[in-house]
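*Asks:* Protein chains in written order, with our numbering: chain A, 74 to 458; chain B, 20 to 158. Note that CB positions come from ideal geometry on N, CA and C, so glycine has one too.
(1) Is the beta carbon of residue 441 of chain A within less than 8 Å of some heavy atom of the ligand FAD?
(2) Can you tell me which of A/164, A/209, A/182, A/215 puts its alpha carbon nearest to the alpha carbon of residue 394 of chain A?
(3) Taking the straight line between their C-alpha atoms, what separation do you get for residue 182 of chain A and residue 283 of chain A?
(4) Could you spell out where the beta strand (DSSP E) holding residue 237 of chain A opens and where it closes?
(5) Note the first and the last residue of the continuous beta strand (DSSP E) segment covering residue 413 of chain A.
(6) Considering Cα atoms alone, identify which of A/368, A/331, A/347, A/351 is closest to residue 314 of chain A.
(7) List, in chain order, every chain B residue whose beta-carbon is nearer than 9 Å to that of residue 243 of chain A.
(8) Residues in its own chain within less than 7 Å of residue 352 of chain A by CB, not counting five upstream and five downstream?
(9) Could you confirm whether any beta carbon from chain B is found closer than 9 Å to the beta carbon of residue 364 of chain A?
(10) Smallest Cα separation from residue 136 of chain A: which of A/156, A/164, A/113?
(11) Between the C-alpha atoms of residue 20 of chain B and residue 412 of chain A, what's the straight-line distance to the nearest angstrom?
(12) I need the straight-line Cα distance from residue 340 of chain A to residue 74 of chain B, nearest angstrom please.
(13) Taking just the CA atoms, how far does residue 334 of chain A sit from residue 397 of chain A?
(14) Since residue 128 of chain B is in the alpha helix (DSSP H), which residue starts that stretch and which ends it?
(15) At what residues does the alpha helix (DSSP H) containing residue 222 of chain A begin and finish?
(16) Could you check whether the Cβ of residue 138 of chain A sits closer than 9 Å to any Cβ belonging to chain B?
(17) Which word fits residue 144 of chain A, buried or exposed, when buried means at least 16 other C-beta atoms lie within 10 angstroms of its C-beta?
(18) I'd like to confirm the pairing. Which residues does DSSP put opposite residue 284 of chain A in its beta bridges?
(19) With respect to the beta strand (DSSP E) encompassing residue 327 of chain A, which residues constitute its N-terminal and C-terminal limits?
(20) Identify the contact partners of residue 89 of chain B in chain A, using a Cβ-Cβ distance below 9 Å as the criterion.
(21) Using the Cβ count rule (16 or more neighbours within 10 Å means buried), how would you classify residue 238 of chain A?
(22) Give a yes or no on whether the C-beta atoms belonging to residue 119 of chain B and residue 299 of chain A are separated by under 9 Å.
(23) Let me check understanding here. Comparing Cα to Cα, which of A/296, A/285, A/309 lies closest to residue 278 of chain A?
(24) Whose Cβ in chain A lies nearer than 9 Å to the Cβ of residue 70 of chain B?
(25) Which bits of chain B does residue 250 of chain A rub up against, with CB to CB less than 8 Å?
(26) Are the beta-carbon atoms belonging to residue 291 of chain A and residue 245 of chain A less than 9 Å from one another?
(27) Check for me: the beta strand (DSSP E) holding residue 80 of chain B runs from which residue to which?
(28) Is DSSP giving residue 113 of chain A helix, strand or coil here?
(29) Mind pulling the chain B residues with CB within less than 9 Å of residue 261 of chain A?
(30) Which residues, in chain order, does the stretch 366 to 386 of chain A contribute to contact with chain B at a C-beta distance below 7 Å?
(31) Three or more beta-carbon pairs under 8 Å between the stretch 81 to 92 of chain B and the stretch 149 to 167 of chain A, yes or no?
(32) Does the CB of residue 107 of chain B have a neighbour CB from chain A at under 9 Å?
(33) Would you say residue 121 of chain A reaches chain B, if we count a Cβ-Cβ gap shorter than 9 Å as a contact?
(34) List, in order along the chain, the chain A residues whose C-beta lies closer than 7 Å to that of residue 63 of chain B?
(35) Decide if residue 452 of chain A is buried, meaning its Cβ has at least 16 other Cβ atoms within 10 Å, or exposed.
(36) Under a three-way DSSP split, which group does residue 137 of chain B fall into?
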């Protein structure tokens, strides 16, 4: 079934490539592939099953962008990753002006600063910052990934645009309505797999769209420096009965000073749920039967291009979860994970890089004490065209 | 509620033999990395010293503006030869949120890309990208 979808996506791409004379449509075909090996010497498996994807993983992406006219463009992207084929992009952009673009189809809605760099070819480390982790973190099952695993494609429509105030300030904005994240009745967290192509039924489970928006401003300071400040929000109901909701907020600050980039981002997700009857929880469930938890995530990273050949990065990131959990969960009602990363890339050829990183994880059920320390190492090659 | 088995990073030094091969692999790779870093001449961008003087300011704008979200190799390896396609490509990038690319920036960027895809590429046809060096006095 998954292969059928992938073939269908490829067929759509082929049709777009062939459908019109070359002079009528400008097309750009691009792609990337990363092979990563994750060595987690201290991981033996968590209580919820395998707790780390140690070993080889491949992420590959093929993207076709076609400018149908001055105002209309189409994008289709097919990815292959840990969970098989995925269609993270299949949308049209209708551009009235730079200040008003209507996007419709399947896409990742505008949220946060990282998502635009989520392709492994566009960031130094093999994995993503913990708030956006999609599966390369240790103990991923216990934590149910990050605050908002990236990318987060969904079906919907987005109105957005960009406006320059002179030559120094760029304002970006977007508002969208999407299907929203999902989980079956009785869940105590979102089920990310239901939002992926492999999830099967791509129809919303509750018929009520989610929504959100983002505003960001970029300031050019001198010729070689710039700074971006942004804020994002997303809200929706996740269960079939529309009883329970999630609210995700985020703020980001990034600056480029010469060859150095500094990025800081914070996300928080507040989610309500109802513990199923008969399932014991670590804290007493209130009489209303409704619970909530908050999951915070943040990262701070400094990236420096040492030369045209070598780039180095230092990163500190973490997750903090506060809220009731089932008695069987290895997490406490207040649990945290901190991670410290040193990483680098080396250009082997133009468009082909070697990535290496070492990560120290510190898990804690007695915040903010670092209780459980674990190491992880990544070695990867990544290529683009 | 931590796991029963204590985890200490220094304990990794005494991990079972099953990890020995992987540690050896990582050690050899680290050594190879250091050696490669010293020896490689590969680069994502171009060597500005090898560019004609009149192209360097345009390349500087291109390198600065087009490396914020991705490596320079991405546009340089795009295989685009036509100015109209470059114009569409740069326009698409300019409209990306937070690109920091103004309309005024697109002029030197497109001027450089025209040079790169016509003069530079023809000078270095058949040579590996890392070895593409225009002849002295070339425009």
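*Replies:* On the basis of the coordinates in this document:
(1) This structure does not include the ligand FAD; it has no bound ligands of any sort.
(2) Translated into the one-based positions of the first chain, residue 394 of chain A becomes position 321. The shortest C-alpha separation from residue 394 of chain A is found at A/215.
(3) For the purposes of this step, residue 182 of chain A is taken as residue 109 along the first chain, with counting starting at 1. For the purposes of this step, residue 283 of chain A is taken as residue 210 along the first chain, with counting starting at 1. Each residue's Cα considered, the two are about 11 Å apart.
(4) The residue given as residue 237 of chain A occupies position 164 in the first chain. Where residue 237 of chain A is concerned, the enclosing beta strand (DSSP E) stretches over 227 to 238.
(5) The residue labelled residue 413 of chain A in the question sits at position 340 within the first chain. Residue 413 of chain A -> beta strand (DSSP E) spans 407 to 422.
(6) Residue numbering aside, residue 314 of chain A sits at position 241 when the first chain is read from its first letter. Of A/368, A/331, A/347, A/351, the residue nearest in Cα terms is A/347.
(7) Looking up residue 243 of chain A in the first chain gives position 170. What residue 243 of chain A touches in chain B: 116, 117, 118, 119, 120, 121.
(8) For the purposes of this step, residue 352 of chain A is taken as the residue at position 279 of the first chain. Taken in chain order, the residues that qualify are 399.
(9) As a working note, residue 364 of chain A is residue 291 in the first chain. Output row for residue 364 of chain A: interface = no.
(10) Counting from one through the first chain, the residue named residue 136 of chain A turns up at place 63. Nearest C-alpha to residue 136 of chain A: A/164.
(11) Position 1 of the second chain, counted from the first residue, corresponds to residue 20 of chain B. Position 339 of the first chain, counted from the first residue, corresponds to residue 412 of chain A. Any reading at residue 20 of chain B must be qualified, since the residue scores a pLDDT of 37, below 50, and its modelled position is unreliable; no value is offered.
(12) Sequence index remark: in the first chain, residue 340 of chain A carries index 267 (1-based). Sequence index remark: in the second chain, residue 74 of chain B carries index 55 (1-based). In a straight line, the C-alpha of residue 340 of chain A is about 43 Å away from that of residue 74 of chain B.
(13) If you number the first chain from 1, residue 397 of chain A lands on position 324. If you number the first chain from 1, residue 334 of chain A lands on position 261. Near 38 Å, if we compare the C-alpha coordinates of residue 334 of chain A and residue 397 of chain A.
(14) As a first step, residue 128 of chain B must be located in the second chain, where it is residue number 109. 122 to 134 is the extent of the alpha helix (DSSP H) around residue 128 of chain B.
(15) By 1-based counting over the first chain, the position of residue 222 of chain A is 149. Careful: residue 222 of chain A lies outside any alpha helix (DSSP H) and carries neither H nor E.
(16) For this step, residue 138 of chain A is matched to residue 65 along the first chain. For residue 138 of chain A, the answer is yes, since a Cβ of chain B falls inside 9 Å of its Cβ.
(17) By one-based count along the first chain, residue 144 of chain A stands at place 71. Classification of residue 144 of chain A: exposed, given that the 10 Å Cβ count is below 16.
(18) For the purposes of this step, residue 284 of chain A is taken as the residue at position 211 of the first chain. BP columns for residue 284 of chain A point to A/250, A/308.
(19) Counting from 1 along the first chain, the entry for residue 327 of chain A is found at position 254. Taken as a continuous stretch (DSSP letters only), the beta strand (DSSP E) holding residue 327 of chain A covers 318 to 330.
(20) Indexing the second chain from 1 puts residue 89 of chain B at position 70. Simply 190, 192, 194, 195, 457.
(21) Mapped onto the first chain, residue 238 of chain A falls at position 165. Residue 238 of chain A is exposed by the Cβ-count criterion.
(22) For the purposes of this step, residue 119 of chain B is identified with residue 100 of the second chain, where counting begins at 1. For the purposes of this step, residue 299 of chain A is identified with residue 226 of the first chain, where counting begins at 1. Yes, they are a contact pair.
(23) Looking up residue 278 of chain A in the first chain gives position 205. The shortest Cα separation from residue 278 of chain A among A/296, A/285, A/309 belongs to A/309.
(24) Taking the first residue of the second chain as 1, we reach residue 70 of chain B at position 51. Within 9 Å Cβ-Cβ: nothing; residue 70 of chain B doesn't reach chain A, min ~13 Å.
(25) The count along the first chain starts at 1 and reaches residue 250 of chain A at position 177. Correct list: empty, because the minimum Cβ distance to chain B is about 19 Å.
(26) Working through the first chain from its first residue, we reach residue 291 of chain A at position 218. Working through the first chain from its first residue, we reach residue 245 of chain A at position 172. Contact flag set, yes.
(27) Locating residue 80 of chain B in the second chain gives position 61, counting from the first residue. No beta strand (DSSP E) contains residue 80 of chain B, which is instead part of the alpha helix (DSSP H) from 75 to 84.
(28) Sequence index remark: in the first chain, residue 113 of chain A carries index 40 (1-based). It is coil, neither helix nor strand.
(29) Reading the first chain from its first residue, position 188 is the one you call residue 261 of chain A. Result: empty, since nearest Cβ-Cβ is about 16 Å, beyond 9 Å.
(30) 381, 382, 383
(31) no
(32) As a working mapping, residue 107 of chain B is identified with position 88 in the second chain. Yes, because at least one Cβ of chain A sits closer than 9 Å to the Cβ of residue 107 of chain B.
(33) Within the first chain, numbered from 1, the residue matching residue 121 of chain A stands at position 48. Confidence at residue 121 of chain A is low in this model, with a pLDDT of 48, below 50, so the placement of that residue is unreliable and no value is reported for it.
(34) As a working mapping, residue 63 of chain B is identified with position 44 in the second chain. Those are 381, 420, 423, listed as they occur along chain A.
(35) Residue numbering aside, residue 452 of chain A sits at position 379 when the first chain is read from its first letter. It counts as buried.
(36) Sequence index remark: in the second chain, residue 137 of chain B carries index 118 (1-based). Three-state result, residue 137 of chain B: helix.
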